[in-house]
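Undergrad: In the working numbering, the protein residues as written are 26 to 126. In this text, a Cβ means the ideal position worked out from N, Cα and C, and glycines have one as well. No experiment lies behind these values; they were computed from the predicted model shown. The structure that follows is given in the form of structure tokens.
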Amino acid sequence: MFEETVDCPYCGHEHDMSEGTVDLPSDRKFDKNCDICGREFEVEVEFHPSYGANEIIYDTCDCCSKTVRDFYRRGFVLPFPENLVGEVFCKPCFYKAYKED
Numbered sequence: 026m027f028e029e030t031v032d033c034p035y036c037g038h039e040h041d042m043s044e045g046t047v048d049l050p051s052d053r054k055f056d057k058n059c060d061i062c063g064r065e066f067e068v069e070v071e072f073h074p075s076y077g078a079n080e081i082i083y084d085t086c087d088c089c090s091k092t093v094r095d096f097y098r099r100g101f102v103l104p105f106p107e108n109l110v111g112e113v114f115c116k117p118c119f120y121k122a123y124k125e126d
């Protein structure tokens, strides 16, 4: 669970960190001054992975007839090349038509 507070390691005062990830340095650490005791301490931001699952959907390219997992469907991608005839296209066919359009 994500904690949005951190306690000062010197006096224990709880600090709100809900804005702590704005402009976060690459090492995910920054210094903070305690509002109560005035001492400076280091805050390290940790991220924990979360996982999700989705069905794999395959479809057939209307241009080359290949069965593909990553495809472009008319109406879901804008702008869509006008010279493509059909509804579903693999990436190579889509990009080729996009360049020609």
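Count the other C-beta atoms from every protein chain shown that fall within 10 angstroms of the C-beta of C62, then say buried if there are 16 or more, exposed otherwise.
TA: exposed
Undergrad: Compute the Euclidean distance between the alpha carbons of C86 and V113, then round it to the nearest angstrom.
TA: 5 Å
Undergrad: How would you label Y35, buried or exposed, when you count the other beta carbons within 10 angstroms and need 16 or more for buried?
TA: exposed
Undergrad: Where does Y120 sit, in a helix, a strand or coil, going by DSSP?
TA: Under the three-state reduction of DSSP output, Y120 falls in the helix class.
Undergrad: Going along the chain, which residues of its own chain have a beta-carbon closer than 8 Å to the beta-carbon of Y83, five neighbours each way excluded?
TA: T92, V93, R94
Undergrad: When DSSP builds the beta bridges, which residues end up paired with H40?
TA: V31
Undergrad: Pick helix, strand or coil for E112, following the three-state DSSP scheme.
TA: In this structure, E112 counts as coil in the three-state DSSP scheme.
Undergrad: Could you check the C-alpha separation between D126 and S75 for me, to the nearest Å?
TA: 40 Å
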